[in-house]
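Residue numbers (this note's numbering), protein chains in the order written: chain A, 663 to 993; chain B, 663 to 993.
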């Protein structure tokens, strides 16, 4: 296995320990619950924002805990939902009089853990609301999902809600804002290669040297179809067509455009993809007002990308532009 | 070839165009010379800082042009030094009454282009100074280098000099500061896989499934030796031993620690490596006061890492902590 790993069972705890050692003043790590939280949380003057999911999607979500972003992330093992008690204990530790917001990417396992964790937290008198992210247009239902999957679009939900929470917005406003961002956001991804989970030690799925998977999920779930490997422009155009036609995004719209790497693709290639997507959108009268290029929501070491659009309005731009601090220095 | 590419000959220009489209207000792109420069440069009140090298090491250097960093980067094609006339024209465009500083990683091809470009620029009355970065301890001479190679340590030279230049430091001070940072900095890298240059379309070198290359260069140059693949802790300890013993870094030293990804390694694995390196240094009484984890100087899509230490003093910390803006949003 060509990865940096010791005991695969310790992959997630060792990564989390590294994050904590790199951020001693701003982060707390609670090993019992895989919990990474802001050292200054909970703050009784703000709603606490929590996201949890399987690991393997870094920087989502353990590396985007910080001011104006998440208050805490409680990941499970690689590609496994966090256990219900992680959700419960995280929610208890982060309990604020203004309430707690759970942001969940739409996977059945995550929903189950968060539903149960929320119920138990509410029984202890904590007010919790839940929002779902389901931005992936590629398939209707999927291997681990009923309904659409949540992928890199979750960044925009977290960014907006994190900024608004920092300024004291209440829980109802944040639920509404989350749903507004999610409704304005669409994504689709594709894989050039499989990823290799540490505990498996071999690729999760087989993809021929001349093949690519359009619409792949971030856990290697099958997408729309397997196609013959194409050049970068063809790939961008196919992703754009699927994403633009879905909302649909229209001439005159202002959008944010994200080109997200899936973990194994260098940033040089992501900017090459960005250039094509930007020009194609502008040629269709869709104005790219904000851009995000890099690794936001990955699938371990998968070579591949996803493309996300968000239809902007003044309120969303305000929250997207607000200051934010990621827990770790991505750059 | 499993890469995002159209015509391999257009790989670098298409990437540069993407960078420029993503940063219309802060960057200028001059296609004739592969030049990415700050839109507000040259500034007659500051020395202009220029770095050039082959492409394929992004974000170095075209993505770290910005306030408090580089004023311009003029890359060559993938793993090829920029032609002499790129260096000359870039230097002319960036000419400032306070002078121009060329930062060069120590590769023979880069030195040749920059030496000749400098000579021609000086003939036109521009004051130019040159500093070399040669932080790689792995081998004395190398495939494309006489003396030690320059690798991810260049980030620290750029960061310090960029910050000082922004505050009006003169050219002599900057040359001295560059040399001080370089003298305090040591690195070593290793590869789990080869990289694949777009124009070649296949791996640059062969590495068995159970092998790794310790001391690899960022163009796939051979390192110290090929070894049997080991676990993450063993790899970190071997890199640390080589780097620490070289300066040497000693008990009581304050250091900055960088774990740099080579392009194809996910950030989850980099933080796992960071945790081990941090703990081992602290156990030896070497205090990690600043940390940098991510992709700073890559080798296309190579899976691998490098480890860099910088011995800190108050002046270096001041410049490392100064505000800086990368041209592109890495996060």
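Each residue gets a CB set at the ideal place from its N, CA and C atoms; glycine is no exception.
Remark: C-beta atoms of residue 885 (chain B) and residue 877 (chain B) approach each other more closely than 8 Å. With a threshold of 8 Å between beta carbons, residue 937 (chain A) makes contact with chain B.
Taking C-beta atoms under 8 Å as the contact rule, residue 961 (chain B) and residue 914 (chain B) fail to qualify, at a distance of about 34 Å. Secondary structure note for residue 949 (chain A): it is in no alpha helix (DSSP H), and the uninterrupted beta strand (DSSP E) holding it is 949-956. Within the same chain, no residue comes within 6 Å of residue 956 (chain A) by CB-CB distance, once the 5 residues on both sides are set aside.
Between residue 905 (chain A) and residue 974 (chain A), the CB-CB gap reaches or exceeds 8 Å.
Of all residues in the segment 885-909 of chain B, those with a C-beta nearer than 8 Å to a C-beta of chain A are 891, 893, 894, 895, 897, reading in chain order. It is roughly 42 Å from the alpha-carbon of residue 987 (chain A) to the alpha-carbon of residue 783 (chain B). For residue 881 (chain B), no chain A residue has a C-beta closer than 7 Å to its own C-beta; the minimum C-beta separation is roughly 14 Å.
In this structure, the beta-carbon distance from residue 734 (chain A) to residue 697 (chain A) falls below 8 Å.
Counting only the Cα atoms, residue 873 (chain B) lies some 52 Å from residue 787 (chain B).
Annotation for residue 973 (chain A): the continuous beta strand (DSSP E) segment containing it runs 966-973.
Inclusion of residue 967 (chain A) and residue 851 (chain A) in the CB contact set at 8 Å is warranted, their separation being smaller than that value. Each residue's CA atom was taken as its position, placing residue 663 (chain A) and residue 715 (chain B) some 32 Å apart. Annotation for residue 874 (chain A): the continuous beta strand (DSSP E) segment containing it runs 873-876.
In the structure shown, residue 679 (chain B) adopts helical secondary structure according to DSSP, grouped into three states. In terms of Cβ geometry, residue 721 (chain B) and residue 958 (chain B) form a close pair [threshold 8 Å].
In the three-state reduction of the DSSP assignment, residue 841 (chain B) falls in the helix class, which pools H, G and I. Contact of residue 691 (chain B) with chain A is not assigned, every C-beta pair being separated by 8 Å or more.
Residues of chain B whose Cβ lies closer than 9 Å to the Cβ of residue 960 (chain A) are, in chain order, 928, 929, 930. Counted as a single uninterrupted DSSP element, the alpha helix (DSSP H) harbouring residue 942 (chain A) occupies residues 929-945.
The continuous alpha helix (DSSP H) containing residue 775 (chain A) extends over residues 770-785. Note on geometry: alpha-carbon atoms of residue 758 (chain A) and residue 831 (chain A) lie some 13 Å from one another. From the beta-carbon of residue 967 (chain B), the residues of chain A found nearer than 8 Å are 666. For residue 917 (chain B), the uninterrupted beta strand (DSSP E) run begins and ends at 916-923, by DSSP. Secondary structure note for residue 808 (chain B): it is in no beta strand (DSSP E), with a DSSP letter that is neither H nor E. Boundaries cannot be given for residue 984 (chain B), as no alpha helix (DSSP H) includes it and DSSP labels it neither H nor E. With respect to residue 776 (chain B), residue 927 (chain A) sits apart: the two C-beta atoms are not nearer than 8 Å. Beta-carbon to beta-carbon, residue 812 (chain A) and residue 768 (chain A) are separated by about 5 Å, close enough to satisfy the 8 Å threshold. For the pair residue 708 (chain B) and residue 901 (chain B), the Cα-to-Cα distance works out to about 38 Å. Between the C-alpha atoms of residue 857 (chain B) and residue 963 (chain B) there is a straight-line separation of about 5 Å. Neighbourhood of residue 731 (chain B) in chain A, by CB distance below 8 Å: empty, with the nearest CB roughly 10 Å away. Between residue 981 (chain B) and residue 846 (chain B), the beta carbon gap of about 12 Å keeps them out of contact (Cβ cut-off 8 Å).
If you draw a straight line from the Cα of residue 791 (chain A) to the Cα of residue 711 (chain A), it comes to about 10 Å.
Secondary structure note for residue 853 (chain B): its beta strand (DSSP E) is the uninterrupted segment 847-853.
DSSP, reduced to helix, strand and coil, places residue 705 (chain A) outside both helices and strands of the structure shown, so it counts as coil.
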